Structure formats: C-alpha cells, structure tokens
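J.:
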Amino acid sequence: MFPADIHPKLAEALTQKGYAAATPVQATVLEAGTAGRDLLVSARTGSGKTVAFGLAMGPDILGDHGPIGDRRAPLALCVAPTRELALQVQRELIWLYGASGARVLSCVGGMDIRREQKLLAQGCDIVVGTPGRLCDHIERNHLHMENLRTVVLDEADEMLDLGFREELERILDAAPDRRRTLLFSATIPRTIATMAKTYQRDALRIVATEAETQHADIDYQAVRIAPSDIEHATVNLLRFYEAGAALVFCSTREAVRRLHANLVERGFVVVALSGELSQTERTHALQALRDRRARVCVATDVAARGIDIPDLGLVIHADLPRDAETLQHRSGRTGRAGSKGVCAILVPHSRRRIAERLLQTANIEASWVSPPSVEDIRAKDQERMLEEIVSSAETVEEDAGLVALLLERLGPEALAAALIRQSRARLPAPEELADSGPPPPMGERTPRQGFEQTVWFRIAMGRNRNAEARWILPMICRRGHLTKQDIGAIRVLERETRFEIKASAADRFLEAANKSQGADDVTIELAEGAPPPPRTDRGPRPERKPYRERVERAEGPDGEHPKHAGRAEAERVVAQAAPERQEQHERPAYVERPRRDDRPPRPDRPAKSNWSPPIDGVVPAAPAKSYKTGWAKPKPGPGAGPSGGKSNDWKPKSEFQAAKGGEWKPKGPGGGFKGKPGGKPKFKPRAPK
Numbered sequence: 167m168f169p170a171d172i173h174p175k176l177a178e179a180l181t182q183k184g185y186a187a188a189t190p191v192q193a194t195v196l197e198a199g200t201a202g203r204d205l206l207v208s209a210r211t212g213s214g215k216t217v218a219f220g221l222a223m224g225p226d227i228l229g230d231h232g233p234i235g236d237r238r239a240p241l242a243l244c245v246a247p248t249r250e251l252a253l254q255v256q257r258e259l260i261w262l263y264g265a266s267g268a269r270v271l272s273c274v275g276g277m278d279i280r281r282e283q284k285l286l287a288q289g290c291d292i293v294v295g296t297p298g299r300l301c302d303h304i305e306r307n308h309l310h311m312e313n314l315r316t317v318v319l320d321e322a323d324e325m326l327d328l329g330f331r332e333e334l335e336r337i338l339d340a341a342p343d344r345r346r347t348l349l350f351s352a353t354i355p356r357t358i359a360t361m362a363k364t365y366q367r368d369a370l371r372i373v374a375t376e377a378e379t380q381h382a383d384i385d386y387q388a389v390r391i392a393p394s395d396i397e398h399a400t401v402n403l404l405r406f407y408e409a410g411a412a413l414v415f416c417s418t419r420e421a422v423r424r425l426h427a428n429l430v431e432r433g434f435v436v437v438a439l440s441g442e443l444s445q446t447e448r449t450h451a452l453q454a455l456r457d458r459r460a461r462v463c464v465a466t467d468v469a470a471r472g473i474d475i476p477d478l479g480l481v482i483h484a485d486l487p488r489d490a491e492t493l494q495h496r497s498g499r500t501g502r503a504g505s506k507g508v509c510a511i512l513v514p515h516s517r518r519r520i521a522e523r524l525l526q527t528a529n530i531e532a533s534w535v536s537p538p539s540v541e542d543i544r545a546k547d548q549e550r551m552l553e554e555i556v557s558s559a560e561t562v563e564e565d566a567g568l569v570a571l572l573l574e575r576l577g578p579e580a581l582a583a584a585l586i587r588q589s590r591a592r593l594p595a596p597e598e599l600a601d602s603g604p605p606p607p608m609g610e611r612t613p614r615q616g617f618e619q620t621v622w623f624r625i626a627m628g629r630n631r632n633a634e635a636r637w638i639l640p641m642i643c644r645r646g647h648l649t650k651q652d653i654g655a656i657r658v659l660e661r662e663t664r665f666e667i668k669a670s671a672a673d674r675f676l677e678a679a680n681k682s683q684g685a686d687d688v689t690i691e692l693a694e695g696a697p698p699p700p701r702t703d704r705g706p707r708p709e710r711k712p713y714r715e716r717v718e719r720a721e722g723p724d725g726e727h728p729k730h731a732g733r734a735e736a737e738r739v740v741a742q743a744a745p746e747r748q749e750q751h752e753r754p755a756y757v758e759r760p761r762r763d764d765r766p767p768r769p770d771r772p773a774k775s776n777w778s779p780p781i782d783g784v785v786p787a788a789p790a791k792s793y794k795t796g797w798a799k800p801k802p803g804p805g806a807g808p809s810g811g812k813s814n815d816w817k818p819k820s821e822f823q824a825a826k827g828g829e830w831k832p833k834g835p836g837g838g839f840k841g842k843p844g845g846k847p848k849f850k851p852r853a854p855k
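Going by this note's numbering, the sequence shown wraps up at 855, each residue one higher than the last.
#1: On the criterion of 16 or more Cβ atoms from any shown chain inside 10 Å, does Ile555 qualify as buried, or is it exposed?
#2: If you run the structure through DSSP and keep just helix, strand and coil, what is Lys506?
#3: Look at the alpha carbon of Val255 and the alpha carbon of Ala186, and state the distance between them as a whole number of angstroms.
#4: Counting beta carbon pairs with one atom in the region 385–403 and one in the region 511–518, are three or more of them shorter than 8 angstroms?
#5: Give me the DSSP bridge partner(s) of Asn664.
#6: Let me confirm a value: Asp204 is counted as buried when at least 16 other C-beta atoms fall within 10 Å, else exposed. Which label applies?
#7: Can you give me the C-alpha to C-alpha distance between Val191 and Leu370, rounded to a whole angstrom?
#8: If you check the beta carbons only, do Glu333 and Cys301 fall under 7 angstroms apart?
#9: Whole-angstrom Cβ separation of Asp441 and Thr466, contact assumed at under 8 angstroms?
#10: Can you tell which of Pro233, Ile234, Thr353, Leu259 has its C-alpha closest to the C-alpha of Cys244?
#11: Report buried or exposed for Asp323, applying the criterion of at least 16 other Cβ atoms within 10 angstroms of its Cβ.
#12: Just the C-alpha distance for Arg423 and Leu524, rounded to the nearest angstrom, thanks.
#13: Which value, in whole angstroms, describes the spacing of the CA atoms of Ala399 and Cys509?
#14: When the Cα atoms are used, what is the spatial distance from Arg306 to Leu338?
#15: Roughly how many angstroms separate the alpha carbons of Gly410 and Thr216, rounded to a whole number?
#16: So Leu692 is in the beta strand (DSSP E); what residue range does that whole segment cover?
#17: What ranges does the alpha helix (DSSP H) occupy inside the region 465–507, keeping only unbroken runs of at least 4 residues that lie completely in it?
#18: CA-CA distance, Glu335 and Leu326?
#19: Below 8 angstroms on the Cβ atoms is my contact criterion, and I expect Asp489 with Phe415 to pass it. Report the Cβ-Cβ distance as a whole number of Å.
#20: Helix, strand or coil, according to DSSP, for Arg371 in the structure here?
#21: Ordered along the chain, which non-local residues of its own chain (more than five positions away) have a Cβ less than 6 angstroms from that of Gly654?
#22: Could you spell out where the beta strand (DSSP E) holding Arg390 opens and where it closes?
#23: Considering Cα atoms alone, identify which of Ala340, Phe330, Val318 is closest to Leu309.
#24: Tell me the DSSP secondary structure of Thr316 in three-state form.
#25: Are there three or more Cβ pairs, one per stretch, closer than 8 angstroms when the region 580–599 is compared with the region 628–643?
#26: Classify Ala671 as helix, strand or coil using the three-state DSSP reduction.
#27: Going by beta carbon distance, what residues of the same chain come within less than 6 angstroms of Ala679, once the five residues before and after it are set aside?
#28: Take the Cβ of Lys363 as the centre, count every other Cβ of all protein chains shown within 10 Å, and call the residue buried at 16 or more, exposed below.
#29: Which of helix, strand or coil does DSSP assign to Leu599?
#30: If the criterion is Cβ atoms closer than 7 angstroms, does the pair Val481 and Arg459 meet it?
#31: Taking DSSP's pairing of strands, which residues face Trp534 in a bridge?
#32: How big is the Cα-Cα spacing for Gln288 and Ala352?
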C-alpha cells in the first residue's frame, strides 16, 4: 500500500490509474526519513522509477489547494537522456498531477523551439527535457530557475555515457543552491558517485533492488542459429509468440533498415526506430506501437532505455549487445510492472562464446533452445485459432440467418475449412531454418556449418620448420584448387601440420594436389584419423591473490626472492676475483694516451696526378671548358630587361625603371610606375573599377 501521508490529489490519480500497491523503489522513496533530503537511487529498469520521483517531489510542488507559486518560473525540473524518455516522463507526470492542476511541459531536441518558448512564457509547474535543449532555453533566458525547488536526473549514467556532462553541470550550476536534487540511475558507477558528491548535500543512498539478481518476470532464452538464419529466426520467433507488441534490437542503422524492409515484405505490421529518423517520425512510430496500429518495432539501442510500451511481451536481440549493461536495459523493456515477458537472444555458432560471457557478466541464466520450427508454429497457430473461435462462438440473433445460409450452402466441414484458410491467409508464412543441433559442452569447439563430415590431410612440416596457418592456407587453396570456405581447422603440431577439408571436396582436392606435387617442396597426403583435440581439462584459472600476498609469498620470510637466494654468495665470489681479472683485461685510461698535438706528423703522401698513364691507341678527351662563376645569363622573367649596357646584366623591371630615374610603386589597386627619366616621378591613384 501507498503511505497515507501522500497528497490527496496524487492518491486520487493513483487510484484512477489502478495502482493498488507501491513497488519497492516507490515504497523506499516515500519513507519518513527521505522527506526533504537529496536522494541517490539505483533501481532496476521497469521498477516504477518515474512514478517514484513523481511522488517524491510532490510535497515541493503541491500545497493544500494545488501547485505552489504563480507559474512564472517552474518548481521542478526533470532531465532525461533521450527525447523518447523525456516525452514518456511527461506523459507519466501529466496523469499523476492531472487531478492537482499542475502544468507539465516538455523541452526536447527536434521540436519547434519557438513553440516551447511561448509555452514557457505562459507559465508551468514542471519542465521535462533533454540536456541540450534545456541549456539552450537557459542561455536564451526562456527558462527561469529562481523558483526551482527540485531537480531530477533520470538515467544519469546514460546521460554521462552520451557525453552530456557539461550540459548537466551547466544546468545544476544555474539551479538555486537551496534546491533538492534527486538522482535516479540503474547503476551507480564512479562518475555518478563523483557528481553526487559535488552537487548533492548529504544524499541518502537507496538501493531498491539487488542488481545481482535476475529479473524474475523475464524468461531468458538463448536461441542457437546458423549465422545466415538471423532474419528467418526473427520471423519464426515473432510468429511463434504472437505477442501484443514486440521489440527487435539491431546494432546499426543499416541493420534496422534491412530487417524492417524484410519484415514488411513478409506481411508484418512493423515500424522502425533509429537515430537517423526525425523526432516526428520517432514519435509516430512509438505511438503506432502503443495504439496497436503496429505490433513490431525494429530499433537500435536508442530504444534500450526508458521506453515503456504496454503489453510488450517479446524482446528479440537480433544482434548481440555490446556489453552486459546494454543487454539488461534492452531486456528490461519487457516484464515491466509485474507482467511477464520473453527475451530471445539470437546466438550464431560463431558467437556462442561471446554470448556466454555476456550472460555470465550480467548474471543471467538463460535456457539454450532451438528456434521454433514450421511444425511448432503451425501447432501454436492451431491452439490460438481454437481459443479465438471458441471465445467468439456465441450466436447473435441478427447473424442467425447468415449462419443458416452458410451451413446450407457449404456444410459444416467446408465452412470450417474456409474459416481456417481465411485465418491463415492473414498470417505471415514461417521460414525453414537450418538444424542447429544440441548445444556442445562447455569448452568444446562448435563445428562450422557444412563441416559435419570432413577428411583430414597432413603436411610433413610443423613448428620445427616454422609452419604457420597464415601461409599454409593460401598454399592449400593454390595446390588443391579450393577456396577458404572449403577448408576447416588447421592445426600446427611439432613435426607436422594437419587440416580438414569438406568431405564433398576431398577427392578432387587430393587429385589436384597430386598433379601439382612438384610445384614446391611440400607433400600433401591423407592423415590417419583426426589430430588430438585441444586440451579442455585445464579448468578455470585460479583466482589471483592480492598483490601484497603475492609479493610476500615470492620474497620469502626474509624479504629475499627464492630465485635470488644465492645472489649474495655469487656476488662475493665475483668481487674477490674482480681485481685479478681487471688487471688482465684493463685498458689504459684516456688521460695516459698521447695527446693529438704530441703525435708525430703524418708522412707526406705523393701528389695524385690528374691523368692516368697514356694507353696506346687511346686519345685522351679534351678537358671540360671552365666557365666564370655567375657569368651565365639568367633567364629573363616578366618585366625584365638589360641595364647598364651589358648584355649579361639582367635586372628586374623595378630596378630597370629606377635606374632610368623613375620611381617604382608596387602594383595594387590604382598603383603602378609613373614617371620619366630625368623628370619628377609621379604616382597617381587609379579609380576603382
């Protein structure tokens, strides 16, 4: 139950909405010791955080007869990381404060800023917005902060991950010091804790739910598929569960566009949601999902946080998330407010280990299953069809005549068959999938698709001859006329290398390899059995002890490393023998060498002749003609000419004109040479063109 001391208007709104009991985070926030204090709250996604901080800031906004103040400046400010989450928070606060008469406005990017300016000028009680747009209104003096009593940071860790630290600091610095700061986040990393110490006063730390426990309302399933069956498996999962609303996550915008187009082509009513869409398109997509005009949404991680869609019963990870935190936030879109949901993680064979690490890091125990087959989907359709027909089998008087006419014309069996065909015609057809087989034991390699039947070959060279797979693979392709898609594992052993070839290509590979046997010094032959598999009995690596314990164990009780136990004795022996060895190998010091000035002069070398001795029958070439340095005439450029009567003395035009008694002015707007030799130089500006 909710506490009895909450505002009557808020209690009335909760009753009308159907809230009978408070969630753990809501009950913790409303305890007696939290009134008027700054709060640092961490709670799982979908636990009712929006209603929690809406109730927590109620005493700061509402008085006995409604909102406090004259609305010229807002009393509460809520900051959210994305536009969708900000608009969702606005909708939640509108119904929560609707009975009290409080006015809630949104200021988000992508919307008309002039319209937001007019609404802010008309006055409001609560403002919900994104960091960038709120900073714009503060700088333009549209948003007044002097009456602010409460500031709420929702999904603070996501805002810091998106790079909104400067905007958040600007907003908090502009808020009054007497404000109350409520910080809500799914996790509390070090960056959030640092911000809390800076901008909160004696904050009360609240952990509403244990982060280590798995969400009990979500059924996690790891679906084993072939790498090429991602789209087909998505289709079959959507057809098998037929949830009221489903959310499919992809890693890139291009993947969203491709999967959205394929689902539309197959007959699904689907919308797309990604960062490249405008705010209007994103709002319409989410509204279509809430209004049941669409049942599937293909989205990037922009929809991984804060999006609350009623009756969202299925979440599909078409692409694996980048980390465990993203996995938890994606999956948290379903199983909200006590409802049940299914989270299906598509795991190709090549990415099974990555998926296992993600699940282990997130502390999630998922059941490994195969994707639904065509037979499973047909059986599920039959169950749903029977339930639907039985629930609507009541006969109405106005339909009795039509029912009798249909039975007279078609008969019961034909009428039932027509009804079944009509029901199946509006459903997308399921897809045939490759058999993924049972999951291999932990530690074993998963065979690639198409390599279930292989033949092993060997080469008589291994690590002893520096064999490496990177140059063995192209050699195998060249010798056997294959591509790398036909070659499986390559294992380099001590004295040989073994590799596997698809059974369908083994015969022609061996024939082609024998024909090109003399091309190089490598002999390829059939191997007797498969090579020994990699070791799997090593077990997990033992846990490392703390640094101080490792150092003490390594150094020993007396602080000396066991490796260096005899170092002191060895150094003593070397020190005793050092003087004798030094006398044998010692070189004279540099100061004892004769100085360069005291050395005897070097004997004169004979002069080197310029000509080699004459050879009979060979006439020596004439010596090259020597030219006076600087005598060669330079190449004249634009405006150059002779000066001083010497043909080899070329000067630029400026010097040439100055030698004749004129004056040179640099070229420019209205400039140039004006003047005559012997006369007074003139310089007249030219009129601009």
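Even glycine gets a Cβ: it sits at the ideal position worked out from N, Cα and C. Just so we're clear, the structure is a prediction, and the values are computed from it rather than from any experiment.
T.: To lay it out plainly:
#1: By one-based count along the sequence shown, residue 555 stands at place 389. Around the beta carbon of Ile555, a 10 Å sphere encloses fewer than 16 other beta carbons of the protein chains shown; the residue is thus reported as exposed.
#2: Counting from 1 along the sequence shown, the entry for residue 506 is found at position 340. The answer is coil: DSSP assigns Lys506 none of H, G, I, E or B.
#3: Locating residue 255 in the sequence shown gives position 89, where the first residue counts as 1. Locating residue 186 in the sequence shown gives position 20, where the first residue counts as 1. Near 21 angstroms, if we compare the C-alpha coordinates of Ala186 and Val255.
#4: yes
#5: Residue 664 sits at position 498 when you count from the first residue of the sequence shown. It should be noted that the sequence gives Arg, not Asn, for residue 664. According to DSSP, Arg664 bridges with Arg624, Arg657.
#6: Taking the sequence shown and counting its residues from 1, the one referred to as residue 204 is at position 38. Buried, since its Cβ has 16 or more Cβ neighbours within 10 Å.
#7: Within the sequence shown, residue 191 is the residue found at index 25, counting from 1. Within the sequence shown, residue 370 is the residue found at index 204, counting from 1. Rounded to the nearest angstrom, the two C-alpha atoms are 13 angstroms apart.
#8: Within the sequence shown, residue 333 is the residue found at index 167, counting from 1. Within the sequence shown, residue 301 is the residue found at index 135, counting from 1. It is a contact, given that the beta carbons lie within the stated cut-off.
#9: Looking up residue 441 in the sequence shown gives position 275. Looking up residue 466 in the sequence shown gives position 300. The displayed chain sequence assigns Gly, not Asp, to residue 441. Contact check for Gly441 and Thr466: beta-carbon distance about 7 angstroms, within the 8 angstroms limit, so the pair qualifies.
#10: Reading the sequence shown from its first residue, position 78 is the one you call residue 244. Among Pro233, Ile234, Thr353, Leu259, the Cα nearest to that of Cys244 is on Leu259.
#11: On the sequence shown, position 157 is the one that residue 323 refers to. Buried: at least 16 other Cβ atoms inside 10 Å.
#12: Position 257 of the sequence shown, counted from the start, is the residue given in the question as residue 423. Position 358 of the sequence shown, counted from the start, is the residue given in the question as residue 524. Each residue's Cα considered, the two are about 26 angstroms apart.
#13: Locating residue 399 in the sequence shown gives position 233, counting from the first residue. Locating residue 509 in the sequence shown gives position 343, counting from the first residue. C-alpha separation (whole angstroms): 14 angstroms.
#14: Here residue 306 corresponds to residue number 140 of the sequence shown, with the count starting at 1. Here residue 338 corresponds to residue number 172 of the sequence shown, with the count starting at 1. Approximately 17 angstroms between the Cα atoms of the pair.
#15: Within the sequence shown, numbered from 1, the residue matching residue 410 stands at position 244. Within the sequence shown, numbered from 1, the residue matching residue 216 stands at position 50. So the two alpha carbons sit approximately 23 angstroms from each other.
#16: Locating residue 692 in the sequence shown gives position 526, where the first residue counts as 1. Looking at the DSSP string, the run of the beta strand (DSSP E) that includes Leu692 is 690–692.
#17: With a minimum length of 4 residues, the continuous alpha helix (DSSP H) runs that stay inside the region 465–507 are 490–497.
#18: The count along the sequence shown starts at 1 and reaches residue 335 at position 169. The count along the sequence shown starts at 1 and reaches residue 326 at position 160. Glu335 and Leu326: Cα-Cα distance of roughly 11 angstroms.
#19: Against the sequence shown, residue 489 aligns to sequence position 323. Against the sequence shown, residue 415 aligns to sequence position 249. Contact between Asp489 and Phe415 does not hold, since their C-beta atoms are separated by about 13 angstroms, which reaches or exceeds 8 angstroms.
#20: Against the sequence shown, residue 371 aligns to sequence position 205. Correct three-state label for Arg371: strand.
#21: Sequence index remark: in the sequence shown, residue 654 carries index 488 (1-based). Once the five neighbours on either side are set aside, the close Cβ partners of Gly654 are Phe617, Thr620, Glu666.
#22: Residue mapping note: residue 390 aligns to position 224 of the sequence shown, counting from 1. Counting along the chain, Arg390 sits inside the beta strand (DSSP E) bounded by residues 384–391.
#23: The residue labelled residue 309 in the question sits at position 143 within the sequence shown. The residue with the shortest Cα to Cα distance from Leu309 is Ala340.
#24: Position 150 of the sequence shown, counted from the first residue, corresponds to residue 316. Three-state result, Thr316: strand.
#25: no
#26: Taking the first residue of the sequence shown as position 1, residue 671 is located at position 505. Of the three classes helix, strand and coil, the one that applies to Ala671 here is helix, per DSSP.
#27: Counting from 1 along the sequence shown, the entry for residue 679 is found at position 513. Closer than 6 angstroms at Cβ, skipping near neighbours: Arg645, Gly646, Ile690.
#28: As a first step, residue 363 must be located in the sequence shown, where it is residue number 197. Counting Cβ neighbours within 10 Å, Lys363 comes out exposed, since fewer than 16 surround it.
#29: If you number the sequence shown from 1, residue 599 lands on position 433. Coil at Leu599, not helix or strand.
#30: What you label residue 481 is simply residue 315 of the sequence shown in a count that begins at 1. What you label residue 459 is simply residue 293 of the sequence shown in a count that begins at 1. Their beta carbons are not under 7 angstroms apart, which means Val481 does not touch Arg459 by this criterion.
#31: Residue numbering aside, residue 534 sits at position 368 when the sequence shown is read from its first letter. The partner list for Trp534 (beta bridge, DSSP) reads Ala388.
#32: Mapped onto the sequence shown, residue 288 falls at position 122. Mapped onto the sequence shown, residue 352 falls at position 186. So the alpha carbons of these two residues sit roughly 35 angstroms apart.
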